[in-house]
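A.B. asks: Residues 360 to 732 (the numbering used here) make up the sequence shown, in order.
Glycine included, C-beta positions come from ideal geometry on N, C-alpha and C.
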Amino acid sequence: MLWKNMTKLFRNSFDLAFNLAFLAIETESLEPLQKLREMIVEKEVDANAWVDEITLLGKVAEAGDQELVSLMLGLVDDVNFRKVERVVTPLMDAAGGQSIEIVRLLIDYGSDPNIVREGTFALECAAQAGRDDIFEFLLPLTHQDFHKSAKRIMDSIKEKSSREPLNKDTLELFELLRRSDVSKIKIVKAISKGANVNAYDDSDCTILMRACDRCSADIIQVLLKAGADPNLGQPIFRAFSYNKYYVLDVTKTLVHSGANVNTAYHDGVCPLMIASHYNTGFRIKAFKVGYDLCDFLISSGANLNQTTQDGCTSLMFAARSGDIQIVKLLIEKGANVNLRDNKGMSVLDYAKTSFYVKESGDTNLIQFLESIY
Numbered sequence: 360m361l362w363k364n365m366t367k368l369f370r371n372s373f374d375l376a377f378n379l380a381f382l383a384i385e386t387e388s389l390e391p392l393q394k395l396r397e398m399i400v401e402k403e404v405d406a407n408a409w410v411d412e413i414t415l416l417g418k419v420a421e422a423g424d425q426e427l428v429s430l431m432l433g434l435v436d437d438v439n440f441r442k443v444e445r446v447v448t449p450l451m452d453a454a455g456g457q458s459i460e461i462v463r464l465l466i467d468y469g470s471d472p473n474i475v476r477e478g479t480f481a482l483e484c485a486a487q488a489g490r491d492d493i494f495e496f497l498l499p500l501t502h503q504d505f506h507k508s509a510k511r512i513m514d515s516i517k518e519k520s521s522r523e524p525l526n527k528d529t530l531e532l533f534e535l536l537r538r539s540d541v542s543k544i545k546i547v548k549a550i551s552k553g554a555n556v557n558a559y560d561d562s563d564c565t566i567l568m569r570a571c572d573r574c575s576a577d578i579i580q581v582l583l584k585a586g587a588d589p590n591l592g593q594p595i596f597r598a599f600s601y602n603k604y605y606v607l608d609v610t611k612t613l614v615h616s617g618a619n620v621n622t623a624y625h626d627g628v629c630p631l632m633i634a635s636h637y638n639t640g641f642r643i644k645a646f647k648v649g650y651d652l653c654d655f656l657i658s659s660g661a662n663l664n665q666t667t668q669d670g671c672t673s674l675m676f677a678a679r680s681g682d683i684q685i686v687k688l689l690i691e692k693g694a695n696v697n698l699r700d701n702k703g704m705s706v707l708d709y710a711k712t713s714f715y716v717k718e719s720g721d722t723n724l725i726q727f728l729e730s731i732y
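#1: Give the secondary structure of Arg573 by DSSP, where H, G and I count as helix, E and B as strand, and everything else as coil.
#2: In the DSSP output, what is Thr414 paired with across the bridge?
#3: Is the beta carbon of Trp409 closer than 8 Å to that of Val443?
#4: For Val400, is the classification buried or exposed, using 16 other Cβ atoms within 10 angstroms of its Cβ as the cut-off for buried?
#5: Do the CB positions of Gly649 and Ala634 come within less than 8 Å of each other?
#6: Which word fits Leu607, buried or exposed, when buried means at least 16 other C-beta atoms lie within 10 angstroms of its C-beta?
#7: Using DSSP with H/G/I as helix, E/B as strand and the rest coil, what is Arg476?
#8: Which residues bound the alpha helix (DSSP H) around Glu729?
#9: Taking the alpha-carbon of His636 as reference, which of Asn662, Cys564, Ala678 has the nearest alpha-carbon?
#10: What does Tyr637 pair with, by DSSP beta-bridge criteria?
#11: If contacts are defined as beta-carbon pairs under 8 Å, then Asp436 and Asn407 qualify, I think. What distance do you get, rounded to the angstrom?
#12: With distances taken between CB atoms, is the gap from Gly670 to Asp700 smaller than 8 Å?
#13: Do Leu389 and Ala422 have their beta-carbon atoms positioned less than 8 Å apart in this structure?
#14: Could you round the C-beta distance between Val696 and Ile731 to whole angstroms and report it? I think they count as a contact, below 8 Å.
#15: Our contact map puts Leu674 next to Cys653 with C-beta atoms below 8 Å; I'd like the distance itself, whole angstroms only.
#16: Could you please give the first and the last residue of the uninterrupted alpha helix (DSSP H) stretch that includes Asn378?
#17: Rounded C-beta distance between Ala587 and Leu567? I'm assuming under 8 Å.
#18: Below 8 Å, how does it come out for the segment 532-544 and the segment 562-581: are there three or more Cβ pairs, yes or no?
#19: Give me the DSSP bridge partner(s) of Thr565.
#20: What whole-angstrom Cβ distance do Leu656 and Val620 have, given they're in contact under 8 Å?
#21: Name the two residues that bound the continuous alpha helix (DSSP H) containing Phe505.
#22: Thinking C-beta only, is Leu724 closer than 8 Å to Gly693?
#23: May I ask which residues mark the beginning and end of the alpha helix (DSSP H) holding Lys711?
#24: For the candidate residues Ile683, Leu688, Asp405, Asn590, whose alpha-carbon lies nearest to that of Lys711?
#25: Using a 10 Å radius around the Cβ and a threshold of 16 neighbouring Cβ atoms, would you call Leu379 buried or exposed?
#26: Buried or exposed, going by whether 16 or more other CB atoms sit within 10 Å of the CB of Lys418?
#27: Can you list, in chain order, the residues of its chain whose CB lies under 7 Å from that of Cys484, leaving out five sequence neighbours each side?
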């Protein structure tokens, strides 16, 4: 057996223990953990062992050995490893693993599902692994502030698993959108042959997202008329990624066809936030597109006080960019200037830390905000 040969490869019991756990995960077999169990019983390796961002208990939990997890839980000092804040908790590993029973066991032993490590938490780990049963078990135990982002991930995973393979005509349509000589006529022809206008490619981009890369409102309009979903894959964000001179036209085309102006990434960032700092730094005077984008999104129903997971608002994004015109627009339209983010920072604090304000010496934004506080 491979795991038996590993005992000769690793002189250090610490290294051997972790490699046995990894082998169990990779092979989806508990057999390599037989040796690890012996090592723990004989105290050749500490159940509290950790390296980099991982714990030995977490990897055993992910592998799915409930009996060994139970043994190790009786030996660890703290199931949450609070003294080592950079490690992923065993519960996070288990949430993305094979056994809901191990997740239940860890919770019974005091595992905290609301601990955030390395930018993630247990419910999100379950979502990323597509573990519906573990997700539903952890959901009521997890703070509501974490629900929205985790549900987005779970919905995305489910949607991906339901996708059909791309047919020849759809592949041809994707290829057309990559070419410099693409035209409306060629797009219409590909669609008429049976291309799926709501398909995803291997890079997780939809047809409409690829069309946004082309910065062509005309081509986007053709796809929308053919049934392309303006919300599938959140193409409105893609519109912001390319040529500034076309972003407003492309955004208007999407929104007028039903794109959700309040859609958000998993971290809560929404279109208005991106538009609010679109003219970042010394480009403020060169482009007016950020202001026009904000004005359009607000008139289309954008939530002025929507927040990210960190509690940031569009007004804070605008203040950080140093764009006084967008700051004034947002406040005029009803943005709450008194909100603070999760760290207690105000809009004024964001303005004071703006790179543009610091480097340019332009204090007009700070003076304006101080006058209304």
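C.D. replies: According to the structure shown:
#1: Translated into the one-based positions of the sequence shown, residue 573 becomes position 214. Coil at Arg573, not helix or strand.
#2: Mapped onto the sequence shown, residue 414 falls at position 55. For Thr414, which the question treats as bridged, DSSP gives the partners Trp409.
#3: Here residue 443 is taken as the residue at index 84 of the sequence shown, counted from 1. Here residue 409 is taken as the residue at index 50 of the sequence shown, counted from 1. It is a contact, given that the beta carbons lie within the stated cut-off.
#4: Counting from one through the sequence shown, the residue named residue 400 turns up at place 41. Exposed, since its Cβ has fewer than 16 Cβ neighbours within 10 Å.
#5: Locating residue 649 in the sequence shown gives position 290, where the first residue counts as 1. Locating residue 634 in the sequence shown gives position 275, where the first residue counts as 1. Cβ distance < 8 Å, so Gly649 and Ala634 count as in contact.
#6: Along the sequence shown, one-based indexing puts residue 607 at 248. Classification for Leu607: buried.
#7: Taking the first residue of the sequence shown as 1, we reach residue 476 at position 117. Three-state result, Arg476: strand.
#8: Walking along the sequence shown from the start, residue 729 turns up at place 370. 723-731 is the extent of the alpha helix (DSSP H) around Glu729.
#9: Along the sequence shown, read from residue 1 onward, the residue named residue 636 stands at position 277. His636 has its Cα closest to that of Ala678, out of Asn662, Cys564, Ala678.
#10: In the sequence shown, residue 637 corresponds to position 278, counting from 1. In the DSSP output, where bridge partners are listed per residue, Tyr637 has none listed.
#11: For the purposes of this step, residue 436 is taken as the residue at position 77 of the sequence shown. For the purposes of this step, residue 407 is taken as the residue at position 48 of the sequence shown. Indeed they touch by this definition, with Cβ atoms about 6 Å apart.
#12: Sequence index remark: in the sequence shown, residue 670 carries index 311 (1-based). Sequence index remark: in the sequence shown, residue 700 carries index 341 (1-based). Yes, the Cβ-Cβ distance between Gly670 and Asp700 is below 8 Å.
#13: Working through the sequence shown from its first residue, we reach residue 422 at position 63. Working through the sequence shown from its first residue, we reach residue 389 at position 30. Yes. Within cutoff.
#14: By one-based count along the sequence shown, residue 696 stands at place 337. By one-based count along the sequence shown, residue 731 stands at place 372. Correct: roughly 6 Å between the Cβ atoms.
#15: Position 315 of the sequence shown, counting from 1, holds the residue named residue 674. Position 294 of the sequence shown, counting from 1, holds the residue named residue 653. Actually they are not in contact, since the Cβ atoms of Leu674 and Cys653 sit about 10 Å apart, beyond 8 Å.
#16: By 1-based counting over the sequence shown, the position of residue 378 is 19. First-last of the alpha helix (DSSP H) with Asn378: 372-386.
#17: Taking the sequence shown and counting its residues from 1, the one referred to as residue 587 is at position 228. Taking the sequence shown and counting its residues from 1, the one referred to as residue 567 is at position 208. Right, their Cβ atoms sit about 5 Å apart.
#18: yes
#19: Taking the sequence shown and counting its residues from 1, the one referred to as residue 565 is at position 206. Beta-bridge pairing links Thr565 to Tyr559.
#20: For the purposes of this step, residue 656 is taken as residue 297 along the sequence shown, with counting starting at 1. For the purposes of this step, residue 620 is taken as residue 261 along the sequence shown, with counting starting at 1. At roughly 5 Å, the Cβ-Cβ gap stays under 8 Å, so Leu656 and Val620 are in contact.
#21: Locating residue 505 in the sequence shown gives position 146, where the first residue counts as 1. First-last for Phe505: undefined, no H or E at that position.
#22: For the purposes of this step, residue 693 is taken as residue 334 along the sequence shown, with counting starting at 1. For the purposes of this step, residue 724 is taken as residue 365 along the sequence shown, with counting starting at 1. Taking 8 Å as the Cβ cut-off, Gly693 and Leu724 do not qualify as a contacting pair.
#23: For this step, residue 711 is matched to residue 352 along the sequence shown. Looking at the DSSP string, the run of the alpha helix (DSSP H) that includes Lys711 is 706-711.
#24: In the sequence shown, the residue the question calls residue 711 occupies position 352. If we check each option's Cα against that of Lys711, Ile683 comes out closest.
#25: Taking the first residue of the sequence shown as position 1, residue 379 is located at position 20. Leu379 comes out buried.
#26: If you number the sequence shown from 1, residue 418 lands on position 59. Result: buried.
#27: Here residue 484 refers to the residue found at position 125 when the sequence shown is read from its first residue. Only Met451, Ala454, Gly455 meet the Cβ criterion.
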